[in-house]
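The structure under discussion appears below in the form of C-alpha cells.
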Amino acid sequence: MHCWDAVTAVGPEEPIESELAADGVTEFIDDVLPAMSKDLAGPFQTISLRACDTDTRWTVRVGDGHCHAMPIETVADATVSATASDLVLLLWGRRRPDRVDVDGAAEALRRFLARATF
Numbered sequence: 013m014h015c016w017d018a019v020t021a022v023g024p025e026e027p028i029e030s031e032l033a034a035d036g037v038t039e040f041i042d043d044v045l046p047a048m049s050k051d052l053a054g055p056f057q058t059i060s061l062r063a064c065d066t067d068t069r070w071t072v073r074v075g076d077g078h079c080h081a082m083p084i085e086t087v088a089d090a091t092v093s094a095t096a097s098d099l100v101l102l103l104w105g106r107r108r109p110d111r112v113d114v115d116g117a118a119e120a121l122r123r124f125l126a127r128a129t130f
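Residue numbers (the working numbering): 13 to 130.
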C-alpha cells in the first residue's frame with residue numbers, strides 16, 4: 013500500500029496488479045480487521061467482497077467488537093463488486109465507496125468502512 017501511495021503522489025494513479033491486490037484484501041481481512049476488532053462496535057453486519065477480475069470472494073461478519081471470516085456463500089447485508097485493486101484501495105481508505113458496485117445495504121458498507129479505519 014505504501015508503494016502505491018508513493019507512486020500515486022508523484023504520478024498518475026495506476027491500479028494494483030490483480031493477484032497482488034487480492035492478496036492485500038486477504039491480508040486486510042485475516043490480519044488487520046482482527047487487530048482492530050475492538051473498534052468494530054455496533055450491531056453485527058455481514059459484508060461480501062467480490063473481485064470481478066480474479067473471481068475471488070471474501071465474506072466477513074463484524075460487530076460487537078468481533079470480526080469473523082465467513083463462508084463465501086453466507087448471505088450478506090451488502091455485496092461489494094469491483095476489481096481486486098479497487099477493493100484493497102477501498103479497505104485501506106484510498107477509494108471512496110461510490111467508486112465500487114454495492115448490492116444490498118449500502119449503509120452497511122458505509123458503517124463498516126467508518127469503523128474499519130485507523
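A virtual CB, placed ideally from N, CA and C, is assigned to each residue, including glycine.
So is Val142 buried or exposed if we call it buried at 16+ other beta carbons inside 10 Å? Nothing about residue 142 can be read from this structure; the chain reaches only from 13 to 130.
Can the beta-carbon of Thr38 be found less than 9 Å from the beta-carbon of Thr58? In the sequence shown, the residue the question calls residue 38 occupies position 26. In the sequence shown, the residue the question calls residue 58 occupies position 46. Cβ distance not < 9 Å, so Thr38 and Thr58 don't count as in contact.
Opening and closing residue of the alpha helix (DSSP H) in which Asp98 lies: Residue mapping note: residue 98 aligns to position 86 of the sequence shown, counting from 1. Unbroken alpha helix (DSSP H) run through Asp98: Ala96 to Leu103.
So what does Met155 bridge to, in DSSP terms? Absent from the model: residue 155. The displayed extent of the chain is 13 to 130, so no value can be given.
Could you check which residue in Met82, Gly116, His80 and Val74 has the C-alpha nearest to that of Ser93? For the purposes of this step, residue 93 is identified with residue 81 of the sequence shown, where counting begins at 1. Residue Gly116 is the option with its Cα nearest to Ser93.
Check whether the segment 24-39 and the segment 88-104 touch, using three or more Cβ-Cβ pairs below 8 Å as the test. yes
Can you find the residues in the same chain that come closer than 8 Å, C-beta to C-beta, to Glu31, ignoring five residues on each side of it along the sequence? Taking the first residue of the sequence shown as position 1, residue 31 is located at position 19. Cβ neighbours of Glu31 beyond the five flanking positions: Thr66 and Ala96.
In chain order, what residues of the same chain lie with their CB nearer than 6 Å to the CB of Leu61, ignoring the 5 residues before and after it? Taking the sequence shown and counting its residues from 1, the one referred to as residue 61 is at position 49. Closer than 6 Å at the Cβ level, and outside the excluded window around Leu61, lie Trp70, Val92 and Leu99.
Just how far apart, CA to CA, sit Gly105 and Ile84? Residue mapping note: residue 105 aligns to position 93 of the sequence shown, counting from 1. Residue mapping note: residue 84 aligns to position 72 of the sequence shown, counting from 1. So the two alpha carbons sit approximately 23 Å from each other.
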